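When you line the sequence shown up against this note's numbering, it's residues 1 to 330, in that order. Virtual Cβ for every residue (Gly too), placed ideally from N, Cα, C. Source: prediction; values computed, not measured. Here the structure is laid out as structure tokens; the discussion comes afterwards.
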Amino acid sequence: MLQLANSVQAAAGIANCAASTARKWYNRYLKDGISGLKDLPRSGRPRVFKEKFKLQVIAIACQKPAETYLPGVTYWSLRDLAMMLPRLLDVESISTESVRRILREHHLKPHRIEYYLTRTDPDFFRKAERILNIYQSPPKDGLVLSVDERTAIQVLERLYPGLPLKPGHPEKVEFHYKRHTPFSLIAGLCIQNGQVFGRCYQRHTQYQFLDFMQSMAELYPDTRLYIILDNLKTHKTKLVKNWLAEQKGRIEFIFTPFHGSWLNQIEIWFGILEKKCLKRMDVSSTVAGQNHTLNFIDTWNSYYTKPFNWKFTVSDLKEMLSQEPITLPI
């Protein structure tokens, strides 16, 4: 063909293949003659295992190796399975790739885990449903305030200056630091307008929480307030309940379900606070750290404030609970 085409490129066009392919076979012909055109030895097609054997492999992979096979080992790796299967099943040997293929056919990944939280609140759906309905249609007779504590905020002072950002290199932060006394932030997010109100404290007992709530009440003196809270004990003390009764219905506490703090929108804002304010905070004292945090709240209210676009609905909640291994009545 090369004699007819006069070039590798032309031969590749006649054979409808890449020029590199034509060149490879031409070079093999020049080196070994006709014998160079034969296929090189290869491993051949993968072994075919019977369905019964595959099911046995799956059964073993779905068990904890420490229970019966490999004491102290918490999960199966492909190598572990390839090592143990010949000892457990009627097979002389099996490669890690064969094990991978069998597991992949059944969408099994024994080396991976996901965390799961068992629902322990029998009223989980009822409590969550009310909060989600409030997010969907906020009450017109007042404001909804999402409140929570961000405790143990670390106050770090870098011992030496870092290196600034430059092309091709990110900003470098000094590794060594001095640790100052941490503090807590109690904050409230108005879900209707995105405004945030916060106070910093050295402790987070019922007294600090009550001080914060009194400040919130004074900030909105003539407005009905719906306060969404988690189930922290300091939110339910006798002192707090007495103060709440004195408000004569103007302020209502709405508690999230147990293990349902993700339903509280302030948690979203705390994530933003961590990323934009706290992660790179470099200050010389606890007071400076508190001022830095309060300055961010002022900046948020001036430039970033807007309601969060909450999309999780009651229908999504029902679907989520229906897919859990152990579901609660809804």
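Do the segment 184-200 and the segment 135-155 touch if we need at least three Cβ pairs shorter than 8 angstroms?
Yes: the two stretches touch, three or more of their Cβ pairs being nearer than 8 angstroms.
From this set, M320, Q323, L321 and V314, which residue's C-alpha is nearest S137's C-alpha?
The option with the nearest alpha carbon to S137 is V314.
Cutoff 8 angstroms: C190 Cβ touching any chain D Cβ:
No chain D appears in this structure, which consists of one protein chain only.
Using only the alpha-carbon positions, how far apart do I330 and T120 sit?
Bear in mind that a pLDDT of 45 at I330, under 50, signals an unreliable position, so the model cannot answer this.
Identify, in the order they occur along the chain, each residue of the same chain with its Cβ nearer than 7 angstroms to the Cβ of V283, setting aside the five sequence neighbours on each side.
Taken in chain order, the residues that qualify are V155, E157, G289 and H292.
In angstroms, rounded to a whole number, what distance separates the CA positions of K376 and E267?
This structure does not reach residue 376, given that the chain is present from 1 up to 330, and the question cannot be answered.
Let's test the definition: count the other Cβ atoms within 10 Å of the Cβ of A128 and tell me whether it reaches 16, buried, or not, exposed.
Residue environment: A128 is assigned as buried (16 or more neighbouring CB atoms within 10 Å of its CB, all protein chains considered).
On a CA-only basis, which of L273, K178, L278 and L317 is nearest Y304? Give me that one, please.
The option with the nearest alpha carbon to Y304 is L273.
Assign L159 to one of three DSSP states: helix, strand, or coil.
Per DSSP, reduced to three states, the secondary structure at L159 is coil, with no helix or strand assignment.
K38 versus A22: straight-line alpha-carbon distance, rounded:
If you draw a straight line from the Cα of K38 to the Cα of A22, it is about 14 angstroms long.
Under a three-way DSSP split, which group does T74 fall into?
In this structure, T74 counts as coil in the three-state DSSP scheme.
Out of R199, G188 and Q247, which has the shortest C-alpha to C-alpha gap to V144?
Residue G188 is the option with its Cα nearest to V144.
Give me, in chain order, the residues of the same chain whose beta-carbon lies closer than 7 angstroms to that of Q195; leave out the 5 immediate sequence neighbours on both sides.
Around Q195: N301 and T305.
Note down the Cα distance separating L108 from Q214, rounded to an integer number of angstroms.
Looking at the two C-alpha atoms, the distance is approximately 54 angstroms.
Would you mind reading off the limits of the alpha helix (DSSP H) that contains F255?
Looking at the DSSP string, F255 is not in any alpha helix (DSSP H); the run it does join, the beta strand (DSSP E), is I251 to F255.
Give the DSSP-derived three-state secondary structure of G260 in the structure shown.
Three-state result, G260: coil.
I need the DSSP call for R112, collapsed to helix, strand or coil.
The answer is coil: DSSP assigns R112 none of H, G, I, E or B.
Just checking, does the segment 75-83 make contact with the segment 208-222 on the three C-beta pairs under 8 angstroms criterion?
They do not touch, by the three-pair rule.
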